[in-house]
Structures are given as C-alpha cells and as structure tokens.
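Peer 1:
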Amino acid sequence: VQGHRRLFQRLPHGRLQERGVGVIALLKFTSAFLMTRIHLPKLHRIIVGLQWGTLLFVFLILLPVVDVAKIFTPLVVITLIAMPVSLLAGVFSWRQGYHPARYFVLAWSGFIIAIFIRMLANLTILPGNAIINSIDTFGAVVLVLLLSLALADRIQSITREKEQAQTEALHLKDDLNVAL
13 VQGHRRLFQR LPHGRLQERG VGVIALLKFT SAFLMTRIHL PKLHRIIVGL QWGTLLFVFL
73 ILLPVVDVAK IFTPLVVITL IAMPVSLLAG VFSWRQGYHP ARYFVLAWSG FIIAIFIRML
133 ANLTILPGNA IINSIDTFGA VVLVLLLSLA LADRIQSITR EKEQAQTEAL HLKDDLNVAL
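Residue numbering for the sequence shown is 13 to 192, as defined by this note's numbering.
Quick look at the structure:
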C-alpha cells in the first residue's frame, strides 16, 4: 500500500494523480469483473470514455503550464460520475442473473457512499471534519472485505459451470457410445 503512495508523493501534485489512477482502477475492475464488454456493451463504452477522460486529466496535471486548480473540479466531477456508473453496471449485471454481482453491488455501495461524502466535502458542499476526512478509509476496508466474497463467489460459479460442462460432455459421450 505504501509503495504507490511513495510514487505519487514524489510528483508535484501526486495526491490528485493518485485519485485519478484510483478512478481508472475502479472502472477497469468494474469492466473486467462484470464483463461489461460482453454483457453491458453500451455501459462499457461509457466506462471506457470515463477512463480516457480521467487519464487525460492525470496527464494534464504533469504539464507545468496547466493550472491544477482548474483540473481539480473536473476530476472530482468525473469521479462523481464514475462511481454511480460502476454501481449501475453491478446492478444491471445482478439483474441479468450474474450472482457474483450481488457482492460487487454491496461492496461498491458502501465505498461509493463513503467517497461521495468525501468528494462533497472536497467541493465544500459538506463541512470537513475528522470523520469525513477518514471515511474513505473505512469504506475501503469494507470494499476489500466484500470484494473478496465477490471473487470467491465468482470462482465457485466458474467451478460449477466447469463441472456442469464436464457432466454434459460425459453424458454426450455415453449417448454416442450407446448409439454406436
């Protein structure tokens, strides 16, 4: 955990870049875990667009001629859009019958609410205090715990599908042997 913080701390506006990379990671995980390219192609295009937009702002921060204060608000806005889009992808996947998505939705709901509160405080819509300033850490802990359950559920789902395919293949083989 500390390794990435050291990397970004050495950059002039590393904390802001760290958050941008976090948004990209959120969107990348969402598209990979929920297989949005296959199951939710329209939402996948939005996710990819948000990734590219975030990446653009992360690189713009590196340019010395760019006023970072002008990049902060758009990056926060992209974050505020990316989180509900990720959650919507989970809900849509769940409604389509993808069971690991239920843990995904629960995990991201808690984390997104925590980050949303933190972003509102960053925009001075909510007052900042010790609880609000550390709420994202609590949300991250809940996220990691629930995503581990989501991954375990996905592994079990893949195992069941494999066993079912093997059983069907054996039945088909037996049927073919009887027919010969």
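Backbone N, C-alpha and C fix where the C-beta goes; we use that ideal spot for every residue, glycine too. Quick caveat: nothing in here was measured; it's all calculated off a predicted structure.
Tell me whether I127 sits in a helix, a strand or coil according to DSSP, three-state version.
Peer 2: helix
Peer 1: Nearest-angstrom Cα distance between V193 and L192?
Peer 2: Past the boundaries of the shown model lies residue 193; the chain is included only from 13 to 192, so the question cannot be answered.
Peer 1: From what residue to what residue does the alpha helix (DSSP H) around I137 run?
Peer 2: Premise fails: I137 is in no alpha helix (DSSP H) and is neither H nor E.
Peer 1: Would you mind sorting P139 into buried or exposed? The rule is 16 or more other CB atoms within 10 Å of its CB.
Peer 2: Exposed is the call here.
Peer 1: Given a cut-off of 7 Å on the beta-carbon distance, is the pair I58 and V97 in contact?
Peer 2: yes
Peer 1: Run through DSSP, which three-state label would I73 get?
Peer 2: coil
Peer 1: Does DSSP classify H111 as helix, strand or coil?
Peer 2: coil
Peer 1: Give every residue of the same chain whose Cβ lies closer than 6 Å to the Cβ of P53, excluding the five residues on either side of it in the sequence, and list them in chain order.
Peer 2: none
Peer 1: Below 8 Å on the Cβ atoms is my guess for M2 versus F116; work out the distance and round it to an integer in Å.
Peer 2: Within the shown structure, residues of the chain are numbered from 13 to 192, placing residue 2 beyond reach of any answer.
Peer 1: Check whether the segment 28-47 and the segment 61-80 touch, using three or more Cβ-Cβ pairs below 8 Å as the test.
Peer 2: Result yes; three or more Cβ-Cβ pairs closer than 8 Å.
Peer 1: Helix, strand or coil: which one does DSSP assign to L52?
Peer 2: coil
Peer 1: What is the DSSP secondary structure of L46, reduced to helix, strand or coil?
Peer 2: helix
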